[in-house]
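See structure below.
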Amino acid sequence: MFLRVKAVFSGHYHRNAGGCHDGLDMVVSSAIGCQLGEDAHGLRVVAVTAGAVVHRYLSLEQLSAGGVDRDLRTLLDA
(Lines of atoms letter the chains of each structure in order from A; the text may use other names.)
(Lines give C-alpha, C1' and ligand atoms only; values in the text may rest on other atoms or scores of the structure.)
Protein backbone atom coordinates (compact mmCIF):
# COMPACT_ATOMS: atom_id res chain seq x y z
CA MET A 226 0.00 0.00 0.00
CA PHE A 227 2.73 2.48 0.97
CA LEU A 228 5.59 1.06 -1.09
CA ARG A 229 7.60 4.28 -1.12
CA VAL A 230 7.42 4.89 2.65
CA LYS A 231 10.88 4.30 4.12
CA ALA A 232 10.47 5.52 7.71
CA VAL A 233 7.87 6.43 10.31
CA PHE A 234 8.79 9.05 12.93
CA SER A 235 6.98 9.56 16.20
CA GLY A 236 7.65 11.04 19.60
CA HIS A 237 6.40 11.74 23.08
CA TYR A 238 7.82 8.46 24.37
CA HIS A 239 10.27 10.26 26.71
CA ARG A 240 13.15 8.10 25.49
CA ASN A 241 14.69 7.20 22.12
CA ALA A 242 13.59 3.90 20.62
CA GLY A 243 13.06 2.29 17.26
CA GLY A 244 13.37 -0.71 15.07
CA CYS A 245 12.76 -2.03 11.59
CA HIS A 246 9.89 -4.15 10.27
CA ASP A 247 9.73 -5.39 6.69
CA GLY A 248 12.22 -2.71 5.60
CA LEU A 249 10.31 0.11 7.30
CA ASP A 250 12.32 2.07 9.88
CA MET A 251 10.37 3.01 13.00
CA VAL A 252 12.00 5.94 14.83
CA VAL A 253 10.72 7.18 18.19
CA SER A 254 12.22 10.36 19.61
CA SER A 255 12.71 11.33 23.21
CA ALA A 256 11.46 14.60 24.67
CA ILE A 257 12.66 18.12 25.32
CA GLY A 258 11.18 17.88 28.82
CA CYS A 259 10.97 14.96 31.24
CA GLN A 260 13.07 11.89 30.40
CA LEU A 261 12.19 8.35 31.49
CA GLY A 262 15.43 6.79 30.27
CA GLU A 263 19.07 7.83 30.05
CA ASP A 264 18.70 10.02 26.93
CA ALA A 265 19.50 13.71 27.24
CA HIS A 266 16.90 16.40 26.65
CA GLY A 267 16.86 17.15 22.93
CA LEU A 268 15.17 16.86 19.57
CA ARG A 269 15.47 14.91 16.34
CA VAL A 270 16.43 16.67 13.12
CA VAL A 271 15.29 14.91 9.94
CA ALA A 272 16.40 15.71 6.38
CA VAL A 273 14.52 14.05 3.50
CA THR A 274 15.77 14.16 -0.08
CA ALA A 275 14.94 12.15 -3.20
CA GLY A 276 17.75 9.73 -2.34
CA ALA A 277 17.97 9.60 1.44
CA VAL A 278 16.36 10.04 4.81
CA VAL A 279 18.94 11.16 7.36
CA HIS A 280 18.15 11.85 11.00
CA ARG A 281 20.01 12.59 14.21
CA TYR A 282 18.89 13.04 17.79
CA LEU A 283 20.68 16.07 19.20
CA SER A 284 20.83 16.99 22.87
CA LEU A 285 20.19 20.57 23.87
CA GLU A 286 23.88 20.79 24.78
CA GLN A 287 24.89 19.68 21.28
CA LEU A 288 22.59 22.27 19.73
CA SER A 289 24.03 25.01 21.96
CA ALA A 290 27.59 23.97 21.15
CA GLY A 291 27.35 23.98 17.38
CA GLY A 292 24.11 22.75 15.97
CA VAL A 293 23.40 20.18 13.33
CA ASP A 294 25.85 17.51 12.18
CA ARG A 295 27.74 18.07 8.91
CA ASP A 296 25.81 15.46 6.89
CA LEU A 297 22.49 17.03 7.83
CA ARG A 298 23.78 20.50 6.99
CA THR A 299 24.90 19.25 3.57
CA LEU A 300 21.50 17.73 2.83
CA LEU A 301 19.62 20.78 4.07
CA ASP A 302 21.77 23.14 1.98
CA ALA A 303 21.20 21.13 -1.23
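Residue 226 is where the sequence shown starts when you use the working numbering, and the numbers rise one by one after that.
The beta carbon of each residue, even a glycine, is placed where N, CA and C say it ideally should be.
All figures in this text were calculated on a predicted structure; none of them were measured in a lab.
{"Query": "What does the Cβ neighbour count give for residue 290, buried or exposed, with the cut at 16 atoms within 10 Å?", "Result": "exposed"}
{"Query": "Do the CB positions of residue 240 and residue 264 come within less than 8 Å of each other?", "Result": "yes"}
{"Query": "Identify the residues that DSSP records as bridge partners of residue 266: which are they?", "Result": "None, per the DSSP bridge assignment."}
{"Query": "Looking only at its chain, what residues have a beta carbon closer than 8 Å to the beta carbon of residue 260, apart from the 5 residues adjacent to it on each side?", "Result": "239, 240, 266"}
{"Query": "Let me check one thing: in DSSP terms, what residues is residue 293 bridge-paired to?", "Result": "Per DSSP, none; premise fails for residue 293."}
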